[in-house]
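Numbering (my numbering), first residue to last: 1 to 479. Note that the Cβ used here is the ideal one computed from N, Cα and C, for glycine as well. Computed from a predicted structure; not experimentally measured. Below you'll find the structure, written out as structure tokens, and then a few comments.
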Ligand code: ADP
Ligand code: GLC
């Protein structure tokens, strides 16, 4: 079984969020099941070209630019598409001011066109073609459509699966782009690639892929409804039979409290002394008062409306009246960033904020905190709550999407591993933090029991890989 992954991020080469983590880990798990998975992604300048090997040049149809396909010297299953004008600039999707690159449609259409050439075995320097294209998010949404166009003219083509990591990002552009991208106008209607007057890469994929999946069973249900369907609920309902919810896993090697190279001390479910050392080290690193008795809350997140960072920030003055500390790492919305920094100045020693993207600090926060805040308004899957579970940091989450599928409230479930609240309101969050504070201080045995349960859970990619394998088989059998 030959599968091509098409995506716009892959850690550690490129990452703005969980997609990068998924593309870094899932192909390897599928390979260990015997599936020949290759990954195609744009080359944004990492790794250095001295670590890469040039395989050949490409000039996809209806495009003006030449590109190059490079692979890792050590791993020839990852194909980097190099096109410096398109991809080698600071920012994968946006400029430094946080605005989307204007030529995003051309940039991502280009890699989609190359994916089609690769899938169809039309790259002469690669003796390979795909049985199945597994595309991820809007940036890869055009390829299933382009392949459907190939079958219209009678060409054989691979099966196609589009995975939705986040329905909120729809790749919507002006209809004039159809001309610029040399796409037929006949599909520009509400049953095709049109989404309320604009042309949507995501919708093209959702309409034309053979099957659809998303990254948790709950989110698969939620997106068929008005609210979280984000204008695509009706379409997703109509494709219900082809829509699968497969919960993400986490890379248990890179996120392992017993051996994590980013941590000052290590720990396991049965010996958590190292976790206390990590807590004191984190408090020191972040300028908080070092004290293992204080409840230390943390958040690592893209700072956007989805993640509910505004709910946390609005609550800070109230929280700071309690013996609670808060550490926050994130980037995103400029207003939220400023608000967070202002609050940190207001509560020195109790609240610390780092604006930026810092992999090592993300690991140290997961290890050093007592509880992780994830009041996301919606969450397709979420990886941070699973990292938290593995590091014995109890997640406090809004019960939505993948959060509802991974976190069980310890007041409602004997096997509880965290705290769950609904709705995503400031009041519900405040009450739940108060509840967590009570358990931490007065029922600490229950806290510890939940930590042990959380740390012993298996969230590795193995289960998800088996589910994708059976979905691939189902698609290829034509059933
Ligand atoms: P999303 O993909 O919606 O952002 P996920 O929870 O699936 O949410 O994944 C987020 C990933 O990005 C995690 O690996 C998290 O640790 C990482 N991350 C988010 N913000 C930062 C940051 N500022 N610094 C380091 N890592 C971050
Ligand atoms: C998206 C979602 C997140 C999910 C990640 C990986 O960024 O927002 O919930 O975990 O993709 O699938």
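Exercise. When the distance is taken between beta carbons, is residue 384 closer than 8 Å to residue 300?
Worked result: Working through the chain shown from its first residue, we reach residue 300 at position 300. Working through the chain shown from its first residue, we reach residue 384 at position 384. In contact: residue 300 and residue 384 (Cβ atoms closer than 8 Å).
Exercise. Taking DSSP as the reference, what is the three-state secondary structure of residue 49?
Worked result: One-based indexing of the chain shown puts residue 49 at position 49. Reduced to three states, the DSSP call for residue 49 is helix.
Problem set entry | Entirely enclosed alpha helix (DSSP H) segments - the segment 211-256, minimum 4 residues | 217-222, 226-229 and 233-238
For this session: Return the residue from the list 108, 142 and 161 that minimises the CA-CA distance to residue 130.
Result: Locating residue 130 in the chain shown gives position 130, counting from the first residue. Considering only alpha carbons, the answer is 161.
For this session: Using three-state DSSP, classify residue 180 as helix, strand or coil.
Result: Here residue 180 refers to the residue found at position 180 of the chain shown. If DSSP states are grouped into helix, strand and coil, residue 180 belongs with the helices.
For this session: Leaving out five residues on either side along the sequence, give the residues of the same chain with a beta carbon under 8 Å from the beta carbon of residue 263.
Result: Here the question's residue 263 lines up with position 263 in the chain shown. So the list reads 257, 274, 278, 363, 364 and 367, once near-sequence residues are dropped.
Problem set entry | Assigned secondary structure, residue 461 (DSSP; H/G/I helix, E/B strand, else coil) | For the purposes of this step, residue 461 is identified with residue 461 of the chain shown, where counting begins at 1. DSSP places residue 461 in coil when its eight states are reduced to three.
Exercise. Which residue's Cα is closest to the Cα of residue 123: 167, 148, 58 and 85?
Worked result: Your numbering for residue 123 matches position 123 in the chain shown. It is 58 whose Cα lies nearest to the Cα of residue 123.
Exercise. What number of angstroms, rounded off, separates the C-alpha of residue 285 from the C-alpha of residue 155?
Worked result: One-based indexing of the chain shown puts residue 285 at position 285. One-based indexing of the chain shown puts residue 155 at position 155. Near 59 Å, if we compare the C-alpha coordinates of residue 155 and residue 285.
Exercise. Are the segment 245-256 and the segment 376-394 touching by the rule of at least three beta carbon pairs closer than 8 Å?
Worked result: Three or more pairs of CB atoms, one per stretch, sit closer than 8 Å, so the segment 245-256 contacts the segment 376-394.
Problem set entry | the segment 24-41 contacting the segment 144-158, beta-carbon criterion three pairs below 8 Å | no
Problem set entry | Segments assigned alpha helix (DSSP H), at least 4 residues, entirely inside the segment 66-104 | 84-87
For this session: Could you tell me if the beta carbon of residue 358 falls within a distance shorter than 7 Å of some heavy atom in the ligand ADP?
Result: On the chain shown, residue 358 is found 358 positions in, with the first residue counted as 1. The answer is yes for residue 358.
Exercise. By the 10 Å Cβ neighbour count, where 16 or more other Cβ atoms means buried, how is residue 498 classified, buried or exposed?
Worked result: Since the first residue shown for the chain is 1 and the last is 479, residue 498 is missing from the structure and cannot be characterised.
Exercise. In chain order, what residues of the same chain lie with their CB nearer than 7 Å to the CB of residue 195, ignoring the 5 residues before and after it?
Worked result: Sequence index remark: in the chain shown, residue 195 carries index 195 (1-based). Counting only Cβ-Cβ distances below 7 Å, and skipping sequence neighbours, we find 170, 172, 203 and 231.
Exercise. Could you give the residue range of the alpha helix (DSSP H) that holds residue 151?
Worked result: Taking the first residue of the chain shown as 1, we reach residue 151 at position 151. Segment 142-152, the alpha helix (DSSP H) holding residue 151.
Exercise. Helix, strand or coil: how does DSSP classify residue 22 here?
Worked result: The residue you call residue 22 lines up with position 22 of the chain shown. Three-state result, residue 22: helix.
Problem set entry | beta-carbon residue 165 near the ligand GLC non-hydrogen atom, thresh 7 Å | As a working note, residue 165 is residue 165 in the chain shown. Indeed, a heavy atom of the ligand GLC lies less than 7 Å from the Cβ.
Exercise. Given a threshold of 16 other Cβ atoms within 10 Å of its Cβ, counted over all protein chains shown, does residue 400 qualify as buried or as exposed?
Worked result: Counting from one through the chain shown, the residue named residue 400 turns up at place 400. Buried, because 16 or more other Cβ atoms sit within 10 Å of the Cβ of residue 400.
Exercise. Where do the ends of the alpha helix (DSSP H) carrying residue 208 lie?
Worked result: Here residue 208 refers to the residue found at position 208 when the chain shown is read from its first residue. Segment 201-208, the alpha helix (DSSP H) holding residue 208.
For this session: Give the single residue among 148, 463 and 102 whose Cα lies nearest to the Cα of residue 119.
Result: Along the chain shown, one-based indexing puts residue 119 at 119. For the residues 148, 463 and 102, the minimum Cα distance to residue 119 belongs to 148.
Exercise. Nearest CA to the CA of residue 442: which residue from 294, 461 and 393?
Worked result: In the chain shown, the residue the question calls residue 442 occupies position 442. Out of 294, 461 and 393, 294 has the C-alpha closest to the C-alpha of residue 442.
Problem set entry | Paired residues, beta bridge with residue 374 - DSSP | Position 374 of the chain shown, counted from the first residue, corresponds to residue 374. Residue 374 is bridged to 397.
Exercise. The beta strand (DSSP E) spanning residue 268 covers which residue range?
Worked result: Along the chain shown, read from residue 1 onward, the residue named residue 268 stands at position 268. Under the DSSP assignment, residue 268 falls outside any beta strand (DSSP E); it carries neither an H nor an E label.
For this session: In angstroms with no decimal places, state the Cα-to-Cα distance between residue 68 and residue 211.
Result: The residue given as residue 68 occupies position 68 in the chain shown. The residue given as residue 211 occupies position 211 in the chain shown. Taking the straight line from one Cα to the other gives about 30 Å.
For this session: Using three-state DSSP, classify residue 475 as helix, strand or coil.
Result: If you number the chain shown from 1, residue 475 lands on position 475. Reduced to three states, the DSSP call for residue 475 is helix.
For this session: May I ask you to report which of helix, strand or coil DSSP gives residue 159?
Result: The count along the chain shown starts at 1 and reaches residue 159 at position 159. DSSP places residue 159 in strand when its eight states are reduced to three.
Exercise. Does the ligand GLC have a heavy atom nearer than 7 Å to the CB of residue 383?
Worked result: Translated into the one-based positions of the chain shown, residue 383 becomes position 383. The answer is yes for residue 383.
Exercise. Just checking my contact of residue 188 with residue 142 at CB under 8 Å: how many whole Å lie between their CB atoms?
Worked result: For the purposes of this step, residue 188 is taken as residue 188 along the chain shown, with counting starting at 1. For the purposes of this step, residue 142 is taken as residue 142 along the chain shown, with counting starting at 1. So it is not a contact: roughly 14 Å between Cβ atoms.
Exercise. Does the Cβ-Cβ distance between residue 43 and residue 81 come in under 8 Å?
Worked result: As a working note, residue 43 is residue 43 in the chain shown. As a working note, residue 81 is residue 81 in the chain shown. Yes, the pair counts as a contact, with Cβ atoms nearer than the cut-off.
For this session: For residue 450, count neighbouring C-beta atoms within 10 Å of its own C-beta (all shown protein chains included) and say buried if the count is 16 or more, exposed if not.
Result: For this step, residue 450 is matched to residue 450 along the chain shown. Residue 450 comes out buried.
Problem set entry | Contacting residues, own chain, Cβ-Cβ under 6 Å from residue 433 (five flanking each side not counted) | Locating residue 433 in the chain shown gives position 433, counting from the first residue. Nothing meets the Cβ criterion.
Exercise. Exposed or buried, which one is residue 163 when buried takes at least 16 other CB atoms within 10 Å?
Worked result: Start at 1 with the first residue of the chain shown, and residue 163 comes out as number 163. By the neighbour-count rule (16 or more Cβ atoms within 10 Å), residue 163 is buried.
Exercise. Counting along the chain, where does the beta strand (DSSP E) carrying residue 301 start and finish?
Worked result: Here the question's residue 301 lines up with position 301 in the chain shown. For residue 301, the uninterrupted beta strand (DSSP E) run begins and ends at 295-303, by DSSP.
Problem set entry | Residue range of the unbroken alpha helix (DSSP H) whose run includes residue 325 | As a first step, residue 325 must be located in the chain shown, where it is residue number 325. Per DSSP, residue 325 belongs to no alpha helix (DSSP H); it is in the beta strand (DSSP E), 324-332.
Exercise. From 325, 272, 253 and 310, pick the residue whose C-alpha is nearest to that of residue 287; which is it?
Worked result: Your numbering for residue 287 matches position 287 in the chain shown. Residue 325 is the option with its Cα nearest to residue 287.
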